[in-house]
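J.: One structure, as structure tokens, below. Some questions next.
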Amino acid sequence: MTTTTLAVLVPLLPFLGAAAGLLLGRTAPGFVRPLAVLPTLAALALAAIVAVRQGGHAAIDSATELTPTGSVPVELALHIDGFAALVAVLVGFVATCVQIYSTGYLRDDPRYPSYAALVSLFTSAMLLVVYSGDLIVLLVGWEVMGICSYFLVGHYWETPEARAASMKAFLVTKLGDVPFLIGLFALATDAGSFRITTVLGTVASGGLHHPTLIALLLLAGVAGKSAQFPLHTWLPDAMAGPTPVSALIHAATMVAAGVYFVARLLPVFEASSAAMIVLAVMAAVTMAGSGLAALAQDDIKRVLAYSTIGQLGYMTGALAVGDRGAAVFHLLSHGAFKALLFLAAGVIIHASGTNSLAAMSRMGNLRARVPDAFWTMTVALLALAAIPPFSGFFSKESVLGAAEHAATEHTSHIPGAAGWIVLVAGLLTALLTAAYATRLWLLAFHGKGVEAPDHGRQPVAMNAVLWVLAVPSLALGGLAYRVLPDWFDGRDLTPTLTTSVLGTGVALVGGIVTYGAWRQTTALATRAPLGAVAAHPEGDAGLVEAEAIASHTPAYGDVASAPDPADPGRLLLGPLHRHAATGFHLDAVYGALFVRPVLAAASLVRFLDREVVDTYVQGAGTLPRLLGAAVRRAQTGNLQTYVSALLAGTVVLTVAVLLVATGA
Amino acid sequence: MTLAATATATATLAATHTRGFLSPTGVEIAFLLVGLVTFGAALVTVTTKQLVHAALWLVVALGGIAVEYLLLTAEFIAWVQVLIYVGSVVVLLLFGLMLTKAPIGRSPDADSGNRWAALTVAVAAAAALVWVVVDAFRATWTDLDGPASGSTAVTGASLFQNWVLPFEALSVLLLAALVGAIVLSRKSKAESSSPPVNSRPATGSSPSVPDSRNHTIGRKGAVEGNGPSSPDNPAEKEGAR
Amino acid sequence: MHLVYPAVLAALLFCTGLYGVLARRNAILVLMSVELMLNAVNLNLVAFDVWLSRTAEDKLHSGQALTLFTIAIAAAEIGIGLAIVLAVHRARGTSDIDKLRDTAEGHEMDGPDSDPAGSDGPEPPAAEKAEATA
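Just so you know, the protein sequences line up as chains D, X and P, in that order. Everything in the first sequence is counted per my numbering, starting at 52 for the first residue and increasing by one. Everything in the second sequence is counted per my numbering, starting at 912 for the first residue and increasing by one. Everything in the third sequence is counted per my numbering, starting at 124 for the first residue and increasing by one.
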């Protein structure tokens, strides 16, 4: 089969799997698990074949016009270059791992068929975004991912956190998607087509008339989808969804879609240096803020969520300095180790019955209960902290190296300021990343206190996947950095000495300082017992997680942080801790800026409708009623009155007739 | 001959045309006088406050009309008028007044509050009708000479030759009226057994028309007792002729 | 005879009866006024019959025949009318037309309203329907 056919099958197979799952989920429950795993696995295989065939050579382009639109044409197009091929393999790989993991995680869940179908649908949409060569087709995949995220985050809709979080995720990403859409239309108007190749050609020939405006509009959508400041507030709350969903959507794929989009269309952004500065500032603020916030979170998944935001900030920072190879390299390695982190966190939550680090730090010997999770999570955390030789080191170094290159060597189209901003923020974030990774590891696995209860072995499906994902977390970076430039733009991705030393040193400093703080504070743990544990720890992991999520606020008063004096994060952040825990009060700011005015406007509209408009409506009814009451007063019941009126009328008529007859 | 005939015709015509408007003949004067009496009696009937007097003045009015019929040479009808209207209808009315306890003497509320509207309507109607009639029949005379057009022989012949079917239908109507009046005015057994509950205590407190209630308690059978027991005209009570 | 005389007399009698029907309070007085109206009509019929039979336009004497029928019908009507008045009197205790207001709007309030001689204050509803115990 031709590569194009295979490429078409890659998004198509999971879509068919989703459709079949939705249709047959209830009638043939035995088929649900195969229908979940096999199409995704097949898509992975085909994506691998396509990648091999494409091999970093010329991009595979193919298009067909479905129907004429009358103005700018919309075509079903494929554009598979090195970026697309490799990202598709990542997506297929992580999706397969997540589907297999979910069979164990949601073993007893009654809504598993729809869940699996939605995950398959999501996978298909992401693959469509990756392979698409037409911007509108990309937008279709973009939006389908958004709605799947809504459904999947709201999987535990019995908990109010999940309901609120799914709505928030949807609305905030939509808020970014509206300017995104306008930007796409503007872009296509200038280029005359939605085809990516045509657009890039227009940019190259200088045909883009409003590059800054278009770039900023597109950046709004990217900020929403990839959870960058200021539209990042949905991602920590989206941790109310099941852990496999967090692994797939909020670590490896959907949030990476924004980064991937910018990488695809980087020349459009590079055409406006103002947009690049904005992107750099956005990346810097995101990186630093999320790092600080991650240090204050109590929910293990929220730590990972803020970590994702920060790592995405790295990727957008790499894009801000014009190096998309570095950005996509970090995307690939981050996809692997972040997915691993989330899946391992899921195992930990299941085993401990809680998602609270404060509670876990008061359980002894948790790591003996989940040895697979312990070792794989250690690997992933080392990758996250960018310690050589793990994959994160190489990919993060490529980003920092690109920033340094942009800062010190003045390239024509990349402002040096962007480079400096990214470099400094990147180093600071490396420090913070190592700090919160160490904190997580210490609190989760080195707790002291009551022996952690033994709820049996974790399902094989879950543990096996952890090991599968550990391999690229360990090895991808070292093997890839030499090969990837051939797939990408050819820019060298080797770590440079300066940034490597700086980055690693900063990370080690962060880790050691955190360890010291932990030693300081861990003694306080025994003096202040804390914790909320799931009510049904023998249930499947999904049930345990749902209960853990639902119990966090009642136990600690807040969904994000816990009043734990033994938390090294409190010591490290000092007075900032209170602000960092709430994500620097951004939710409250948005509430005051947007939510309250909208609610006030809604109540104003309701008032107008009820008091003003309804008055007319009721007045229209009151008038006939009054008239009727007036007419009813003629019903005296007195016969003589009636007959008098009758005869009076007759006399009048007679006289009238006579006058007419005689006069006429 | 034709000339004589036309002369006679012209003379008759001339004689007819020399009659002026309202040039009264004797019949007309008599008609006018009797008409005044009739009209006056009718006015009193509808305005008097004494109910029984109203009935009696009605007799005068009806009698006046009978005389008018005679003047119009409709003898049979005049006597039928006297027989039926004066004879039975008025008697029925008087019985009705008695049985409904109409007050003897003046009753101040014989006229309802509607009377001004009624007066207006009646005057307007009168004006309209009289004007129309006068305008229409300004030049019409009836010839009353010659044989009576309403003699018994003529009327009888006409009735039983041309109007047989309506005549028979009328007798059926009278039968229906007879039966209906009997049914309506009869007190059924169930009706007569229920009153003890609510009529005793109420009767003392509700003389809604102050003049029409002088009943005594305990003799609800009195009404029907009065009916069949009046030996004079039980038939008049229960039916119409 | 000028036809105007009987015609005008009939019209005046008719309107007098009309006034009586509309203005009189007692049901029997109303019936009397109805009789007046019928008589006015009869007078008209007879006058026209005499006029038309003389001019040989009407050979059937329909006017006089109809007059006879009207007289008979009036008699039947007065019989039934009086029976009804008697039934009303038995049921309501009064033959006052102003009291018969069952079709009035809001009649369930049970108020004989425009009765100047109203000496019924808080009359219990049962009294309205009290049998007239003669």
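Every residue gets a Cβ at the ideal spot worked out from N, C-alpha and C, and that includes glycine.
Provide the residue span of the beta strand (DSSP E) that contains D:His636, from first to last.
T.: Element bounds for D:His636: n/a, residue is neither H nor E.
J.: Would you give the residue range spanned by the alpha helix (DSSP H) that D:Ala114 belongs to?
T.: Per DSSP, D:Ala114 belongs to no alpha helix (DSSP H); it is in the beta strand (DSSP E), 111-116.
J.: Using a Cβ-Cβ cut-off of 8 Å, state whether P:Leu152 counts as contacting chain X.
T.: Cβ-Cβ to chain X under 8 Å: yes for P:Leu152.
J.: Using a Cβ-Cβ cutoff of 7 Å, what residues of the stretch 1066-1082 of chain X are near chain P? List them in chain order.
T.: Taking 7 Å as the Cβ-Cβ cut-off against chain P, the residues of the stretch 1066-1082 of chain X that qualify are Thr1066, Ser1069, Leu1070, Asn1073, Trp1074, Pro1077, Leu1081.
J.: Hey, which unbroken runs of the alpha helix (DSSP H) at 4 residues or more fall wholly within the stretch 318-364 of chain D?
T.: Counting only runs of 4 or more, we get 324-347.
J.: Within a Cβ cutoff of 6 Å, which residues of the same chain sit near P:Ala134, ignoring the five residues on either side of it in sequence?
T.: Answer for P:Ala134: no residue qualifies.
J.: Taking 8 Å as the CB-CB limit, is D:Leu698 close to chain P?
T.: Chain P contact via Cβ: present.
J.: List the endpoints of the continuous beta strand (DSSP E) containing D:Ala128.
T.: 126-131 is the extent of the beta strand (DSSP E) around D:Ala128.
J.: When DSSP labels each residue in this structure, what does D:His497 get in the three-state scheme?
T.: Three-state result, D:His497: coil.
J.: What first and last residue would you give for the alpha helix (DSSP H) that runs through X:Ala1073?
T.: One point to set straight first is that residue 1073 of chain X is Asn, not Ala, in the sequence displayed. Its alpha helix (DSSP H) spans residues 1063-1073.
J.: What does the Cβ neighbour count give for D:Val664, buried or exposed, with the cut at 16 atoms within 10 Å?
T.: It counts as exposed.
J.: Indicate, with yes or no, if the ligand MN has a heavy atom lying under 7 Å from the CB of D:Ala469.
T.: Annotation note on the ligand MN: not contained in the displayed structure, which lists no ligands.
J.: Indicate whether at least one CB of chain D lies closer than 8 Å to the CB of X:Val1120.
T.: Its pLDDT being 46, under 50, X:Val1120 is placed unreliably by the model, and nothing is read from it.
J.: Looking at D:Met366 and D:Gly477, is the spacing between their C-beta atoms short of 8 Å?
T.: No, these two residues do not count as a Cβ contact at 8 Å.
J.: Does DSSP put D:Asp615 in a helix, in a strand, or in coil?
T.: Reduced to three states, the DSSP call for D:Asp615 is coil.
J.: If you follow the alpha helix (DSSP H) that D:Gly722 is part of, which residue opens it and which one closes it?
T.: The question about residue 722 of chain D has no answer here: the residues shown for chain D are numbered 52 through 715.
J.: Would X:Leu1010 pass as an interface residue toward chain P - the criterion being a Cβ-Cβ separation below 8 Å?
T.: Taking Cβ atoms only, chain P reaches closer than 8 Å to X:Leu1010, which makes this a yes.
J.: Determine the DSSP secondary structure at X:Val1108, reduced to helix, strand or coil.
T.: Any answer about X:Val1108 is weak, because its pLDDT of 47 lies below 50 and its placement is not dependable; what the coordinates show is given next. Coil at X:Val1108, not helix or strand.
J.: Determine which residues share a DSSP beta bridge with X:Gln961 and list them.
T.: Answer by DSSP bridge pairing, in chain order: X:Arg1017.
J.: Counting C-beta neighbours from all protein chains within 10 Å, is the total for D:Phe202 16 or more, i.e. buried, or is it exposed?
T.: Buried, by the Cβ-count rule.
J.: Counting only C-beta atoms, is P:Tyr142 closer than 8 Å to chain X at any point?
T.: Yes, contact with chain X.
J.: Check for me: the alpha helix (DSSP H) holding D:Leu85 runs from which residue to which?
T.: Here residue 85 of chain D turns out to be Pro, not Leu, going by the sequence shown. Counting along the chain, the alpha helix (DSSP H) containing D:Pro85 begins and ends at 83-105.
J.: Using the beta-carbon count (16 or more within 10 Å), is D:Val310 buried or exposed?
T.: It is buried - the Cβ of D:Val310 has at least 16 other Cβ atoms within 10 Å.
J.: Can you tell me the Cβ-Cβ gap for D:Ala94 and D:Thr210, rounded? I've got them flagged as a contact below 8 Å.
T.: Going by Cβ atoms, the distance from D:Ala94 to D:Thr210 rounds to 32 Å, so no, they are not a contact pair.
J.: Just the Cα atoms here: how many angstroms apart are D:Leu57 and D:Ala96?
T.: Going from the Cα of D:Leu57 to the Cα of D:Ala96 covers about 10 Å.
J.: Under 8 Å between the Cβ atoms of D:Arg77 and D:Pro164?
T.: The answer is yes: Cβ separation under 8 Å.
J.: Can a CB atom of chain X be found closer than 8 Å to the CB of P:Thr226?
T.: By this cut-off, P:Thr226 is not an interface position.
J.: Give a yes or no on whether 8 Å exceeds the smallest Cβ distance from X:Ser1018 to chain D.
T.: Not an interface residue.
J.: Does any residue of chain D bring its CB to less than 8 Å from the CB of P:Leu135?
T.: No, no contact with chain D.
J.: Please name the residue or residues paired with X:Trp1052 in a DSSP beta bridge.
T.: In the DSSP output, where bridge partners are listed per residue, X:Trp1052 has P:His125.
J.: Among D:Leu117, D:Leu548, D:Gly364, which has the Cα closest to the Cα of D:Phe445?
T.: When only C-alpha atoms are compared, the closest one is D:Leu548.
J.: To the nearest whole angstrom, what separates the beta carbons of D:Leu432 and D:Trp518, a pair I think is in contact under 8 Å?
T.: At roughly 16 Å, the Cβ-Cβ gap does not stay under 8 Å, so D:Leu432 and D:Trp518 are not in contact.
J.: Are there 16 or more other CB atoms within 10 angstroms of the CB of D:His697, so buried, or fewer, so exposed?
T.: The displayed chain sequence assigns Leu, not His, to residue 697 of chain D. Exposed, because fewer than 16 other Cβ atoms sit within 10 Å of the Cβ of D:Leu697.
J.: For D:Thr550, is the classification buried or exposed, using 16 other Cβ atoms within 10 angstroms of its Cβ as the cut-off for buried?
T.: With 16 or more other Cβ atoms within 10 Å, it is buried.
J.: Would you verify that the beta carbon of P:Val208 is, or is not, closer than 8 Å to some beta carbon of chain X?
T.: Chain X contact via Cβ: present.
J.: Taking 6 Å as the limit between beta carbons, can you name the residues of its chain near D:Ala216, skipping five residues before and five after?
T.: Cβ neighbours of D:Ala216 beyond the five flanking positions: Val204, Asp288, Ala289, Ala291.
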